[in-house]
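**Q** For reference, the structure I am asking about is given below.
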């Protein structure tokens, strides 16, 4: 049997690295080796699933399709296979799924560690802690540390590390330290943290002599003034100011001129003496901070390790670290014995993200398979996509592996099988010209270093149409660029993309989880259903929030907010909570419910309590409640006596909504390995390359142990540090820039057809291009940054790309509808046990109804038309500023009517509606009705769909006001106008019918007026009300 070549592939984005890895896996199977002899690893469970899916699907297709069989045989490095062989291999794989090793590195390491628990010192029954449990262990460790006798020392260290400038508590500072650089502490020997020694300043005589020389030196007027200010700062102990200003800064920068006059050599030498003295303080502070961090982490580590042992809970990195310390040449043999089989073929995916500790575990296996006659080594990755340096990944591992394992067959893939030519041209254009930014400063070397990794890309999809644009958002209300308007612009771009190509999958990429939540909010405001990659917390559901209030109240019966929430919901009847229940009875009920939880468990009780919510909720609410019940069952084994612990657990767990969505919002890191028909990229206006590291380190080689470590210092302090430390900071800056450009590269290579880069418009105060990712992109594209918002500043390709898709290239997603109107859940309860929840709309007609009104009905078409008209009118603040955005309005309409009505006809009717004189009077700033007594200088604030819930006799009254105009004098609300839109079809010039309809709706509007009076504590006469009948363009004032 012919041995496989040991191969290392550098695969650019979209070039088919998963395909290449599946080729090797299938080739090994075709050669007759057992599936259990192969270890194929990657970094996420999703990626591992995709690899296994690809293997299975290719075998199944080859078994039934001669063309697929021929294609498979052309790629595998083995003798051709037959359909029968494909079926046999597929059967073998499915029968041995439990022995297949297509998995994440973490899961493989856990599998090995479970076989070596005794040798590693792990307690029996150990497991991997979830984030909540581990966070609790860390908090407990910190609390124990602060209770010890050395608490005073701990406080001193924390104060030293924060320089006394923080407003956060000591516990939070220590938690930050535990999360941010505890990993570095674990992989670094103690001696490295204390290797730097404090420096002694020059002798007092030397300092005095230098000062004397400076004072006596014949200097011009400007230098004399600068010298005097420098010496004053030095004498006052303001060493930071001394080093950052005046002649001292010039000498530090090796620029011996001041306002074109040369600084004398003896003066420069005297300054060097003072600089050495001044530099001792920041240097020695760094030394003390570095040592202090070690002392703090060392004390924390001792307690934390003990608590982990006692709780039998460990983290993934604990397992990796223990295995790396145990790894040696005999490891493969011992692992083979414990796992009942040798690993003869090692396949590594996303190799650039491998950490030194992970490689130290894999190294013995890699050496064994590369020295065995029939073993094989295969790894694939891309240093341009090394975005996990913050968690220990070392992209340079590619070169190190070549040196360690000897000759490897190296290949580079730069042909994309994903993107259109326009997208690839954009990628090339940006990547080639990143160095053009004029303010790269100390990050220039890192930018150029990343560019050396990049080779021009091409695409195999030469016929795909495409389009790329860079677009600016509108300015904010104050005329400045704002985050809010950026997210608004991105949401509007998503709506236009859905309108243009309804079957497309749209990926919205941002930098942070906070930005994901903002983007989801903006999309939902426009009726767009979007999924959050990796899921969100279940508390985005009204039903789950209600269940959390119930559990909070059970734990804290005196929590009146939680009780009010439950009391005024359908749950009240289910659990027997009445509106006027005495405090003692309420506490007894909470205790009884707590006892039921103890007896029956969280899963069973939450299912029972939530049944009423499932019955009245929409499909999404039902899904979220079901997910909550499943989470409750999973939580039960570690349940405590406090229901608030479960509430905290729910609030921290991320759960994906199983319903597919054509719009997916995620961070760039989460987008790794994914592709979308359309990409909307934003959140690029932060400073490049982001936050500085807490510490900088030195290694002799990328995979070597850390040899030096120091706390981070700003660039002014860096200039006066010893050359070795300056080089460490230089290397750190370069690495920061490289990692940030890897993130940018991942972002701009996700699109198949279209990419829209959304950026903020330039500030009026901007004098040069800011050093941001957005700035790097615009400079690379040679975009002139004009102070203009809502503009396409760069475009390439065909904006109408979607019109030219061939049938074979068209998106084939056809998912559930992208947009869906959110309908309110009617939260009603049994009258016999609690006050009724009343909606003002139920008051229509008053206590007596005419037979004509009872028989008055609206057909479904009329209701849909009314819903669309209401939704569109809600988008108008004042007609003075209004511009009809047809794309956005079509999206809103389709979310409501689907295909039931012709949206173009609806838009035509709406255009006529907003031109009607009475409506224009109502929605015009100058002519809008003013309550009596409102001054001419008062300002109006418009609120659309203003919701409320107020206590009334017999229950709770809630609702939503179509349009509420609040009149303000200064910040105080002095009056209000309640406006309710009606789309009833009424005959023109029929005063009697109009009067009947106005009388019918009067109780509803008066209920709204009373609610506004309560909410803003306004007198009755200060709140007026109006009905607007759109079909006859008539305003009717409503009076009590």
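Numbering (full-length UniProt numbering), first residue to last: 1 to 1040.
Note that the Cβ used here is the ideal one computed from N, Cα and C, for glycine as well.
Since this is a predicted model, take the numbers as computed values, not measurements.
1. Can you find the residues in the same chain that come closer than 7 Å, C-beta to C-beta, to residue 712, ignoring five residues on each side of it along the sequence?
2. From 752, 926 and 928, pick the residue whose C-alpha is nearest to that of residue 505; which is it?
3. Quick one: using the 10 Å Cβ neighbour count with 16 as the cut-off for buried, is residue 1046 buried or exposed?
4. With distance defined between alpha-carbon atoms, name the residue in 238, 552 and 671 nearest to residue 650.
5. Counting pairs of beta carbons, one from the stretch 233 to 249 and one from the stretch 265 to 282, are three or more of them closer than 8 Å?
6. So if DSSP puts residue 409 in a beta bridge, which residue, or which two residues, is it bridged to?
7. Cβ of residue 410 within 9 Å of Cβ of residue 64?
8. Along the beta strand (DSSP E) that carries residue 1036, what are the first and last residues, could you check?
9. Identify every residue that forms a DSSP beta bridge with residue 958.
10. So, for residue 606: in the same chain, excluding its five sequence neighbours on each side, which residues have a beta-carbon less than 8 Å away from its beta-carbon?
11. Where do the N-terminal and C-terminal ends of the alpha helix (DSSP H) with residue 276 fall, by residue?
12. Quick test of your reading: residue 405 and residue 377, contact by CB under 8 Å. State the CB separation rounded to the nearest angstrom.
13. What residue range does the beta strand (DSSP E) around residue 98 cover?
14. Would you give the residue range spanned by the beta strand (DSSP E) that residue 711 belongs to?
15. By Cβ distance, which residues of its chain are closer than 8 Å to residue 222, with the 5 residues on each side in sequence left out?
16. Just to confirm before moving on: does the CB-CB distance between residue 142 and residue 294 stay below 9 Å?
17. Using the rule of at least 16 other Cβ atoms within 10 Å of the residue's Cβ for burial, across every protein chain shown, is residue 80 buried or exposed?
18. Could you check what DSSP says for residue 526 in three-state terms: helix, strand or coil?
19. Quick check on the burial criterion: 16 or more other C-beta atoms within 10 angstroms. Buried or exposed for residue 131?
20. With distances taken from CA atoms, which of 435, 440 and 441 is nearest residue 452?
21. Under 7 Å Cβ to Cβ from residue 779, same chain only, skipping five residues before and after it: list those, please.
22. For residue 709, tell me which candidate among 89, 289, 666 and 255 has the shortest Cα-Cα distance.
23. Mapping the DSSP letters down to three states, classify residue 122 as helix, strand or coil.
24. So what's residue 676 in DSSP terms, helix, strand or just coil?
25. Residues in its own chain within less than 8 Å of residue 21 by CB, not counting five upstream and five downstream?
26. Would you call residue 230 buried or exposed, if buried means 16 or more other Cβ atoms sit within 10 Å of its Cβ?
27. Contact between the stretch 457 to 465 and the stretch 477 to 490 is defined here as three or more beta-carbon pairs at a separation below 8 Å; is this criterion met?
28. So residue 352 packs on residue 395, CB below 8 Å; how close in whole Å?
29. If you measure between the beta carbons of residue 1090 and residue 867, is that distance less than 9 Å?
30. For residue 194, which residues from the same chain have a beta carbon less than 6 Å from its beta carbon, with the 5 sequence-adjacent residues on both sides left out?
31. Among residues of its own chain, excluding the 5 on either side of residue 1001, which ones have a beta-carbon nearer than 8 Å to its beta-carbon?
32. According to DSSP, which residues form a beta bridge with residue 1041?
33. Starting from residue 1025, trace the beta strand (DSSP E) both ways and give me its first and last residue.
34. Between residue 698 and the rest of its own chain, which residues show a CB-CB distance below 6 Å, the 5 nearest in sequence each way excluded?
35. Just to confirm, is the Cβ distance from residue 46 to residue 58 under 9 Å?
36. State the CB to CB distance for the pair residue 512 and residue 370, rounded to an integer number of angstroms; the pair is presumed to be in contact (CB under 8 Å).
**A** Reading from the atomic positions:
1. The residues are 692, 693, 694, 695 and 696.
2. Closest by alpha carbon: 752.
3. Limits of the chain in this structure are 1 at one end and 1040 at the other, which puts residue 1046 out of reach.
4. That would be 552, whose Cα lies nearest to the Cα of residue 650.
5. In the pairwise beta carbon analysis, the stretch 233 to 249 is classified as touching the stretch 265 to 282: at least three pairs are separated by under 8 Å.
6. Beta bridge pairing from DSSP links residue 409 with 7.
7. In this structure, residue 410 sits away from residue 64, with a CB-CB distance that is not shorter than 9 Å.
8. For residue 1036, the uninterrupted beta strand (DSSP E) run begins and ends at 1034 to 1038, by DSSP.
9. Partner(s): 949.
10. So the qualifying residues of the chain are 547, 628, 629 and 632.
11. Per DSSP, residue 276 belongs to the alpha helix (DSSP H) from 265 to 311.
12. With a Cβ gap of about 7 Å, residue 405 and residue 377 count as contacting.
13. Counting along the chain, residue 98 falls outside any beta strand (DSSP E), and DSSP gives it neither H nor E.
14. Looking at the DSSP string, the run of the beta strand (DSSP E) that includes residue 711 is 706 to 711.
15. Exclusion of the five residues before and after residue 222 leaves 258, 259 and 261 as the residues of its chain whose Cβ lies within less than 8 Å of its Cβ.
16. Not a contact, by the Cβ cut-off of 9 Å.
17. Exposed.
18. It is coil, neither helix nor strand.
19. By the C-beta density criterion, residue 131 is exposed, having fewer than 16 other C-beta atoms within 10 angstroms.
20. When only C-alpha atoms are compared, the closest one is 435.
21. Cβ within range, chain order: 436, 437 and 769.
22. Residue nearest to residue 709 within the set 89, 289, 666 and 255 is 289 (criterion: CA-CA distance).
23. The three-state secondary structure of residue 122, taken from DSSP, is coil.
24. Residue 676 falls in the strand class under three-state DSSP.
25. Cβ neighbours of residue 21 beyond the five flanking positions: 40, 51, 347, 349, 378 and 380.
26. Buried is the call here.
27. By the Cβ criterion, the stretch 457 to 465 is not in contact with the stretch 477 to 490, since fewer than three pairs of Cβ atoms, one from each stretch, lie closer than 8 Å.
28. Between residue 352 and residue 395, the beta carbon gap of about 5 Å places them in contact (Cβ cut-off 8 Å).
29. Because the chain in this structure spans residues 1 to 1040, residue 1090 falls outside the shown range and cannot be described.
30. For residue 194, where only same-chain residues beyond five positions count, the Cβ hits under 6 Å are 291.
31. Same-chain partners within the cutoff: 844, 980, 982, 1027 and 1038.
32. The structure shown does not extend to residue 1041, since the chain is modelled only from 1 through 1040, so no value can be given for it.
33. Residues 1023 to 1029.
34. Excluding positions up to five away in sequence, the list reads 707, 708 and 728.
35. 9 Å or more divides the Cβ of residue 46 from the Cβ of residue 58.
36. About 41 Å separates the beta carbons of residue 512 and residue 370, which is beyond the 8 Å limit, so they are not a contact pair.
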